[in-house]
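Enquirer: Each protein sequence line maps, in turn, to chains A and B. Numbered according to the numbering used here, the first sequence spans residues 3 to 329. Numbered according to the numbering used here, the second sequence spans residues 3 to 316. Just so you know, even glycine gets a beta-carbon here, dropped at the ideal spot from N, CA and C. Small disclaimer: the values here were computed from a predicted structure and weren't measured.
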Amino acid sequence: MLILKRTLLTLCIVLAATTALAADKEHGTVISEVTLFVTPDPQAQKLGRVTRGRDIFLMDHTMVDNKPWAHLLAVVDVDVERETMREISGWVPASVVVTTSTPNGDQIIYGEAVDSENQAEQRGGRKNAADDARRLYYRLYEYFPSSPLAGEALWRAADILWQLEKADVRRRPSSREMSPDMRTPMDDQTLKLVIKKFPHTKWADQAAYNLIDNKLCGSWKGETKCPEKESELYEKYAREHPQSPKFAEALFNAAWRQGALVTMYRTQHEQDKSEKARRKAMELAQEVAARSSESDPKLADWKPRAMELEYSLQQGIPTYDAEADRK
Amino acid sequence: MVRHWKKFELALLLLMAMAAALGAGAYAAEPERATLIREDSLYASAGANAQRLSQVGRGSALTILEHSTADGQPWLKISMAADQEAEVSREVTGWLPAKAVVTGATANGDQIIFGQAVDSEHQAEERGGRKGAAEDALRLYSRVAELFPGSPLAAEAMWRAADIRWQLARTSFVRTGKPMEEKYLLAIIAKFPQSKQAELAAYDLLESKLCQEWRGQAECPQKESAVYEQYAREHPQSAKAAEALYNAAWRQAALTDIYRIENDNAKSEAARKKATALAQEIAGQYPQGDWKPRALDLIYKLEKKIPIYGAFIE
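#1: Of all the alpha helix (DSSP H) runs that stay within the bounds of the segment 86 to 143 of chain A, which reach a length of 4 or more residues?
#2: What's the call for W71/A, buried or exposed, on a 16-neighbour Cβ count within 10 Å?
#3: Report the rounded CA-to-CA distance for Q45/A versus R56/A, giving the unit in angstroms.
#4: Across the segment 54 to 73 of chain B and the segment 130 to 141 of chain B, are there enough close Cβ pairs to call them in contact, namely three or more that are closer than 8 Å?
#5: List, in chain order, every chain A residue whose beta-carbon is nearer than 8 Å to that of I114/B.
#6: Here's the rule: buried if 16 or more other CB atoms are within 10 angstroms of the residue's CB, otherwise exposed. What is D323/A?
#7: Chain B partners of E114/A, CB-CB under 8 Å?
#8: I'd like to know whether the C-beta atoms of A159/B and Y143/B end up nearer to each other than 7 Å.
#9: Just the Cα atoms here: how many angstroms apart are Y29/B and E41/B?
#10: Cβ of W205/A within 7 Å of Cβ of W157/A?
#11: Between I66/B and chain A, is any beta-carbon pair separated by less than 7 Å?
#12: Counting only the same chain and skipping the five closest in sequence on each side, list residues whose C-beta sits under 6 Å from that of F314/B.
#13: Considering only DSSP beta bridges, list what M184/A is partnered with.
#14: In three-state DSSP terms, what is H69/B?
#15: Given that a residue counts as buried once 16 or more other Cβ atoms are within 10 Å of its Cβ, and exposed if not, what is V103/B?
#16: Please name the residue in A46/B, A163/B and A147/B whose C-alpha comes closest to that of R35/B.
#17: Could you check the C-alpha separation between A250/A and W164/A for me, to the nearest Å?
#18: Within 7 Å of any Cβ in chain B, is that where the Cβ of S34/A sits?
#19: If you measure between the beta carbons of M87/A and V94/A, is that distance less than 7 Å?
#20: Figure out for me which residue from H69/B, A83/B and G134/B has the closest Cα to the Cα of W77/B.
#21: List the residues that DSSP assigns as beta-bridge partners of L98/B.
#22: Kindly provide the ranges of any beta strand (DSSP E) runs that are 3 or more residues long and lie completely inside the segment 102 to 126 of chain B, ordered along the chain.
#23: Contact criterion: CB-CB distance below 7 Å. Does Y248/B meet it with respect to chain A?
#24: Among the candidates Q273/A, L38/A, G220/A and D190/A, whose CA atom is the shortest distance from the CA of A160/A?
#25: Return no unless some Cβ of chain B is closer than 7 Å to the Cβ of S103/A.
#26: Enumerated in chain order, which unbroken segments of the beta strand (DSSP E) with a length of 3 residues or greater are wholly contained in the segment 135 to 214 of chain B?
#27: On the criterion of 16 or more Cβ atoms from any shown chain inside 10 Å, does V90/B qualify as buried, or is it exposed?
#28: Return the residues of the segment 220 to 252 of chain B that lie within a Cβ-Cβ distance of less than 7 Å from chain A, sorted by chain order.
#29: Hey, C219/A and S181/A are a contact pair by Cβ (cut 8 Å); roughly how many whole angstroms apart?
#30: Look at the Cβ atom of L315/A, then the Cβ atom of L286/A, and state whether they are nearer than 7 Å.
Structure representation (structure tokens):
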């Protein structure tokens, strides 16, 4: 009996220790930029800065002067400009650490991500706030995959990365090349992850829309093959994603490119092709106007835009400046 | 008797003819107003070979004086203010090709002008977009409300015009210190009271009550928090109500830090309680969208005493 009691006691101690250890070693992130210290003391040697949304591994807790500290293994920036980083362990004030066991942890990380995204959009907003937002959104998806916010968060992380890459690509001279094959494509891994993890959702539809960017010409240089191909791509997207929030925009883009072809073919004295493009543009524009709901503010603008395009085509007003495009 | 009747009929006919002539005169005196949806040249006479006088921008306010045909195309003689932005400007007259001119009588004219305004607004937002596109959008939206006051797009168009003007004025204010004119936003509130556009205009107007810089003083966030909270209470249905309440809560959270730095712990604690209460109200009242997570993030930071104002300065 005594042996049994001892065994049970030992088992309880082992279980408790294992649970405590497991609870300590949690993945998470920080919701405010903090300094990593060698010891849990603000006067201790500084090891680096941990920026918002960095992946952290919580190893230990302690209290110093009634303040909680967390021992982490974190990725820190060595040189922000050169984007160099390394994994390092150290101590940070525990208040900024959000882990998988933090109540409402998904909402808190998401809220901080939205805040960072707003900062990035503001003139004079915090430097590198877009990267903070992207990391925070991704951490939410990674550590709270069953959260109702996970799909939206992964899509936003992928979209921010896409926009940042797009801006980067536009700065390169190759971005003005006509063929999309002449430039380095934007990394589509995260967008494809959205489609894979959340198929048939509005996030997957939006991710698929972004992917079209990689197939667009850098510049048309007055050649008809670019708007022809692009119009096809946008129309195909609209047909395959009729429920997408990007449906009307895609169809309008297809119509607008057909409208541009009217002018391009006319300049080349190909009246038949010009007339065919005009009819196609009118057809598509009418479809946009008919299917854009005025009650949805995000779609409401597409109806007047389509009607303006239709009117311009009827009146023979050029919708595309060939000279400007050749420059 | 018959003769008398004939005389009376003749007089009546004369009277009717005079009335008709007067009516027609009055109708002719009513100028036909219009606008342009593409930039074009103003010509000295009808015809593409005539002398070009100036460029006419999208959304310019035009008065049609005469119709004509040249080279098989319809042309219009118009008069317009030489400076479309000035309140008082000299008039210029000239000829324009009619195809890009939209009048109050153009079928779906409100949608067409609005569509071009949206297009110009997008151009203005795009990197490398057309120069002056924001001003084009502003003028085009203004024309929708002027030429089609009964259109379902009139209120939205008037609001967008006023908002673009406000944003442009803000940029100018930052650069030159020129005060921002409130009359266009006030006009929406007067013309479309209780509409969502009036509520958005009222929100824009709060900006003129904000401090340019806080300089670490409690007075500014205190006043601004009250301004935002008052807006949220007075416009509970506004699209900006949650944002206003969040702004009020965020300023109270900043006050928690400001008072703590000033060693005024009682006021710091009061501000913390107020910020938490406001943030909880947001989380409870606006469960959809981005405001609930932002409010919960703020509550968490307040609980954990993570600096809000200091972090912002950093």
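Expert: The answer reads as follows:
#1: With a minimum length of 4 residues, the unbroken runs of alpha helix (DSSP H) contained wholly in the segment 86 to 143 of chain A fall at 107 to 123.
#2: Residue mapping note: residue 71/A aligns to position 69 of the first sequence, counting from 1. A residue is called buried when at least 16 other Cβ atoms come within 10 angstroms of its Cβ; W71/A meets this threshold and is buried.
#3: Here the question's residue 45/A lines up with position 43 in the first sequence. Here the question's residue 56/A lines up with position 54 in the first sequence. Answer to the nearest angstrom: the Cα atoms are 23 Å apart.
#4: With a cut-off of 8 Å, the segment 130 to 141 of chain B and the segment 54 to 73 of chain B count as touching, because enough Cβ pairs lie within range.
#5: Locating residue 114/B in the second sequence gives position 112, counting from the first residue. Going along chain A in sequence order, the residues near I114/B (Cβ under 8 Å) are P306, M309, E310 and Y313.
#6: Sequence index remark: in the first sequence, residue 323/A carries index 321 (1-based). Burial state of D323/A is exposed, judged by a 10 Å Cβ sphere holding fewer than 16 other Cβ atoms.
#7: Position 112 of the first sequence, counted from the start, is the residue given in the question as residue 114/A. The contacting residues are D299.
#8: Along the second sequence, one-based indexing puts residue 159/B at 157. Along the second sequence, one-based indexing puts residue 143/B at 141. Yes, they are a contact pair.
#9: For the purposes of this step, residue 29/B is taken as the residue at position 27 of the second sequence. For the purposes of this step, residue 41/B is taken as the residue at position 39 of the second sequence. Low per-residue confidence applies at Y29/B: pLDDT is 48, beneath 50, and the placement is therefore not dependable, though the value from the model is reported in the following sentence. In this structure, the straight-line span from the alpha carbon of Y29/B to that of E41/B is close to 30 Å.
#10: Position 203 of the first sequence, counting from 1, holds the residue named residue 205/A. Position 155 of the first sequence, counting from 1, holds the residue named residue 157/A. Against a cut-off of 7 Å, the Cβ pair of W157/A and W205/A comes out as a contact.
#11: Within the second sequence, numbered from 1, the residue matching residue 66/B stands at position 64. No, I66/B does not count as interfacial toward chain A.
#12: In the second sequence, counting from the first residue as 1, residue 314/B sits at position 312. Annotation note: pLDDT 41 at F314/B (below 50); position unreliable, no value reported.
#13: As a first step, residue 184/A is located in the first sequence; it is residue number 182 there, counting from the start. Partner(s): none; M184/A has no beta bridge.
#14: Here residue 69/B refers to the residue found at position 67 when the second sequence is read from its first residue. Of the three classes helix, strand and coil, the one that applies to H69/B here is strand, per DSSP.
#15: Within the second sequence, the letter at position 101 stands for residue 103/B. V103/B should be labelled buried.
#16: As a first step, residue 35/B must be located in the second sequence, where it is residue number 33. Checking every option, the nearest Cα to that of R35/B belongs to A147/B.
#17: By one-based count along the first sequence, residue 250/A stands at place 248. By one-based count along the first sequence, residue 164/A stands at place 162. Between the alpha carbons of A250/A and W164/A lies a distance of about 21 Å.
#18: As a first step, residue 34/A is located in the first sequence; it is residue number 32 there, counting from the start. Cβ-Cβ to chain B under 7 Å: yes for S34/A.
#19: The count along the first sequence starts at 1 and reaches residue 87/A at position 85. The count along the first sequence starts at 1 and reaches residue 94/A at position 92. No; because the gap between Cβ atoms is not below 7 Å, this pair is not in contact.
#20: On the second sequence, residue 77/B is found 75 positions in, with the first residue counted as 1. Nearest option by C-alpha distance: H69/B.
#21: Position 96 of the second sequence, counting from 1, holds the residue named residue 98/B. DSSP, once it has assigned bridges, lists L78/B as partnering L98/B.
#22: For the segment 102 to 126 of chain B, whole beta strand (DSSP E) runs of length 3 or above, ordered along the chain, are 103 to 105.
#23: As a first step, residue 248/B must be located in the second sequence, where it is residue number 246. Not one beta carbon of chain A lies nearer than 7 Å to the beta carbon of Y248/B.
#24: Counting from 1 along the first sequence, the entry for residue 160/A is found at position 158. Comparing Cα-Cα distances from A160/A to each of Q273/A, L38/A, G220/A and D190/A, the minimum goes to D190/A.
#25: Taking the first residue of the first sequence as position 1, residue 103/A is located at position 101. By this cut-off, S103/A is not an interface position.
#26: Segments of the beta strand (DSSP E) lying fully in the segment 135 to 214 of chain B: there are none.
#27: As a position in the second sequence, residue 90/B is number 88, starting the count at 1. By the Cβ neighbour-count rule, V90/B is exposed, with fewer than 16 other Cβ atoms within 10 Å of its own.
#28: Contacts with chain A (Cβ-Cβ distance below 7 Å) from the segment 220 to 252 of chain B involve no residue at all.
#29: As a position in the first sequence, residue 219/A is number 217, starting the count at 1. As a position in the first sequence, residue 181/A is number 179, starting the count at 1. The pair is a contact, with the Cβ atoms about 7 Å apart (cut-off 8 Å).
#30: The residue you call residue 315/A lines up with position 313 of the first sequence. The residue you call residue 286/A lines up with position 284 of the first sequence. Contact flag unset, no.
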